[in-house]
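Trainee:
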Amino acid sequence: MEVLANVINGSIVFAVALALGALGGMLSERAGVINLGVEGFMISGAFFGAIGAHYAETLNLGGLSPWIGLMTAFIFTGLFSFLYVMATLKFKADHVISGVVINLLSANATFFLVKLLFDGAADTPRISNMFRRINIPLLSDIPFLGIAFFRSYPTTYLALAIIVIGSYILFKTPIGLRVRGTGENPGSVDTAGINVYKIKFWSVMLSGSLSALGGATIVLTSNGNFSFNTIAGQGYIAIAAVILGRWKPYGVMWGALLFGFAQAIKDQIQIFPSFDAIPTEVFYLLPYVITLIALILTGSKSKAPKALGTHYDSSVK
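Numbering (UniProt numbering) for the sequence shown: 1 to 317.
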């Protein structure tokens with residue numbers, strides 16, 4: 001039972017970063033802009049999160065360091081988001097190609113900056129003040145359930161709050177209706193006197209920053225530092241969670257939990273001696289295999305926003 005509780009808890013921990021990255025991708029695509037740059041935004045978030053927390057520690061800010069890292073990731077990833085906005089909206093470049101370029105640019109630019117800032121090192125210094133798990137009083141002491149659900153990092157509760165608030169805004173408020181309308185029929189939104197360009201602009205900007213929180217979460221809860229392979233394709237799994245979740249916040253959450261489970265089970269299953277004969281690399285393949293299977297089984301049932309990936313020109317109606 002304890003192993004199962006650890007698997008559930010691990011699934012939640014891994015799912016948080018994926019959920020935040022997927023929420024970012026979902027927001028952009030709800031506004032009609034394909035976001036294959038989630039991987040790049042998560043890489044940027046991991047880098048700026050590590051940098052922000054590191055320099056906060058040099059100023060002896062103690063427990064504030066991880067929060068400063070999180071804020072740094074959210075704000076400074078706007079640099080890459082702006083580049084993506086300019087490419088896709090201003091210059092009307094192909095969304096898919098632009099996303100791939102952002103991924104490559106983020107990976108190589110951050111790696112270069114790490115070497116530049118830390119005398120040629122391949123990774124950032126390890127962060128001493130990472131996020132610590134919060135044990136919810138009384139609930140964390142419940143057998144099985146306490147270990148599984150009530151001993152989590154602050155970022156877990158932050159992600160849950162973003163999902164709840166994001167779902168409410170997207171489906172219960174005028175601004176959410178405008179975002180969804182822009183992704184479905186931008187012409188109708190434009191005819192109603194709403195600036196389609198601004199909706200897309202801010203959706204993509206916020207998309208990058210939300211995805212960055214996912215990357216920063218990995219550094220500030222698990223890894224403790226940033227290197228070239230910190231994200232290692234998790235941004236692409238987050239994109240799969242968007243499709244699996246059918247572009248809805250709660251659906252995205254369940255998709256992220258599925259892929260989080262795939263990552264958690266690979267850590268727990270290696271504990272058992274009977275699996276010693278299986279190469280470790282097989283377990284590392286597991287999340288990606290499950291991602292592929294999930295997309296094969298559900299991809300045809302997922303309907304993307306109708307205007308996703310199209311360029312809208314307000315001068316042509």
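We put the CB at the ideal spot given by N, CA and C, even for glycine.
Bear in mind that the values here come from a model prediction, so they are computed numbers and not experimental data.
#1: Can you tell which of 29, 6, 221 and 14 has the C-alpha that lies nearest to the C-alpha of residue 181?
#2: Which runs of the beta strand (DSSP E) at least 3 residues long sit entirely within the region 79-136? Give them in chain order.
#3: For residue 253, count neighbouring C-beta atoms within 10 Å of its own C-beta (all shown protein chains included) and say buried if the count is 16 or more, exposed if not.
#4: Between which two residues does the alpha helix (DSSP H) containing residue 153 stretch?
#5: Please classify residue 230 as buried or exposed, where buried requires at least 16 neighbouring CB atoms within 10 angstroms.
#6: Find the nearest neighbour of residue 265 within the set 249, 278 and 283, judged by alpha-carbon distance.
#7: To the nearest angstrom, how far is the alpha carbon of residue 156 from that of residue 226?
#8: Taking the alpha carbon of residue 136 as the point to measure from, which residue in 152, 122, 23 and 237 has its own alpha carbon closest?
#9: Between which two residues does the alpha helix (DSSP H) holding residue 202 run?
#10: Shortest alpha-carbon distance to residue 305 belongs to which of 291, 247 and 287?
#11: Can you check the region 230-259 for any alpha helix (DSSP H) of at least 4 residues that lies completely inside it and give the ranges in chain order?
#12: Between which two residues does the alpha helix (DSSP H) holding residue 65 run?
#13: Going by Cα to Cα distance, which pick from 23, 190 and 32 is closest to residue 169?
#14: Under the DSSP definition of a beta bridge, which residues are partnered with residue 140?
#15: Residue 237 and residue 201 look like a contact to me (Cβ under 8 Å); what is the Cβ gap, rounded to whole Å?
#16: Are the Cβ atoms of residue 286 and residue 262 separated by less than 8 Å?
#17: Three or more C-beta pairs closer than 8 Å, one from the region 183-202 and one from the region 62-75: is that the case here?
#18: To the nearest angstrom, report how far apart residue 184 and residue 104 are at their CA atoms.
#19: Between the alpha carbons of residue 147 and residue 313, how many angstroms are there, rounded?
#20: Using DSSP's beta-bridge definition, name the partner residues of residue 227.
#21: For residue 14 versus residue 41, is the C-beta spacing smaller than 8 Å?
#22: Might you give, ordered along the chain, the residues of its own chain that have their beta carbon closer than 7 Å to the beta carbon of residue 373, omitting 5 neighbours on each side?
#23: Report all residues from its chain with a CB closer than 6 Å to the CB of residue 220; omit the five preceding and five following residues, and keep chain order.
#24: Rounded to the nearest angstrom, what separates residue 109 and residue 94 at their Cα positions?
#25: Can you tell me whether DSSP reads residue 313 as helix, strand or coil?
#26: So, is residue 4 buried or exposed, given that buried needs 16 or more other C-beta atoms within 10 angstroms?
#27: Using CA coordinates, which residue listed in 54, 8 and 249 is at the minimum distance from residue 21?
#28: What does the alpha-carbon distance come out to for the pair residue 209 and residue 44?
#29: Does residue 188 pass the burial test, meaning 16 or more other C-beta atoms within 10 Å, or should it be called exposed?
#30: What is the residue span of the alpha helix (DSSP H) that residue 40 lies within?
Mentor: On the basis of the data shown:
#1: Taking the first residue of the sequence shown as 1, we reach residue 181 at position 181. When each option's Cα is compared against that of residue 181, the closest is 29.
#2: none
#3: In the sequence shown, the residue the question calls residue 253 occupies position 253. Flag for residue 253 reads buried.
#4: Numbered from 1 along the sequence shown, position 153 holds the residue referred to as residue 153. Per DSSP, residue 153 belongs to no alpha helix (DSSP H) and is neither H nor E.
#5: The residue you call residue 230 lines up with position 230 of the sequence shown. Flag for residue 230 reads buried.
#6: Translated into positions along the sequence shown, residue 265 becomes position 265. Ranking 249, 278 and 283 by Cα distance to residue 265 puts 283 first.
#7: The sequence position of residue 156 within the sequence shown is 156, counting from 1. The sequence position of residue 226 within the sequence shown is 226, counting from 1. About 20 Å.
#8: Taking the first residue of the sequence shown as 1, we reach residue 136 at position 136. Minimum Cα distance to residue 136 is reached at 152.
#9: Sequence index remark: in the sequence shown, residue 202 carries index 202 (1-based). For residue 202, the enclosing alpha helix (DSSP H) stretches over residues 196-218.
#10: Counted from its first residue, the sequence shown places residue 305 at position 305. Looking at the Cα atoms, 247 is the closest of the given residues.
#11: 234-244
#12: Numbered from 1 along the sequence shown, position 65 holds the residue referred to as residue 65. Its alpha helix (DSSP H) spans residues 65-76.
#13: Within the sequence shown, residue 169 is the residue found at index 169, counting from 1. Selected option, being the one with the closest Cα: 23.
#14: Along the sequence shown, read from residue 1 onward, the residue named residue 140 stands at position 140. Answer by DSSP bridge pairing: none, since residue 140 is not bridged.
#15: Along the sequence shown, one-based indexing puts residue 237 at 237. Along the sequence shown, one-based indexing puts residue 201 at 201. Actually they do not touch by this definition, with Cβ atoms about 27 Å apart.
#16: Residue 286 sits at position 286 when you count from the first residue of the sequence shown. Residue 262 sits at position 262 when you count from the first residue of the sequence shown. A Cβ-Cβ contact shorter than 8 Å links residue 286 with residue 262.
#17: no
#18: One-based indexing of the sequence shown puts residue 184 at position 184. One-based indexing of the sequence shown puts residue 104 at position 104. Straight-line Cα distance between these residues: approximately 29 Å.
#19: Stepping through the sequence shown from its first residue, residue 147 is reached at position 147. Stepping through the sequence shown from its first residue, residue 313 is reached at position 313. Each residue's alpha carbon lies about 53 Å from the other.
#20: Numbered from its first residue, the sequence shown carries residue 227 at position 227. Answer is 123, bridged to residue 227.
#21: One-based indexing of the sequence shown puts residue 14 at position 14. One-based indexing of the sequence shown puts residue 41 at position 41. No, they are not a contact pair.
#22: Outside the modelled stretch of the chain, which goes from 1 to 317, sits residue 373, for which no answer is possible.
#23: Along the sequence shown, one-based indexing puts residue 220 at 220. Correct list, in chain order: 49, 66, 69, 130 and 131.
#24: The count along the sequence shown starts at 1 and reaches residue 109 at position 109. The count along the sequence shown starts at 1 and reaches residue 94 at position 94. Each residue's Cα considered, the two are about 22 Å apart.
#25: Locating residue 313 in the sequence shown gives position 313, where the first residue counts as 1. Residue 313: coil per DSSP, three-state reduction.
#26: For this step, residue 4 is matched to residue 4 along the sequence shown. Exposed, since its Cβ has fewer than 16 Cβ neighbours within 10 Å.
#27: For the purposes of this step, residue 21 is taken as residue 21 along the sequence shown, with counting starting at 1. That would be 249, whose Cα lies nearest to the Cα of residue 21.
#28: The residue given as residue 209 occupies position 209 in the sequence shown. The residue given as residue 44 occupies position 44 in the sequence shown. Rounded to whole angstroms, residue 209 and residue 44 show a C-alpha spacing of 9 Å.
#29: Within the sequence shown, residue 188 is the residue found at index 188, counting from 1. The residue in question, residue 188, is exposed, as its Cβ has fewer than 16 Cβ neighbours within 10 Å.
#30: As a first step, residue 40 is located in the sequence shown; it is residue number 40 there, counting from the start. Note, residue 40: alpha helix (DSSP H), 38-58.
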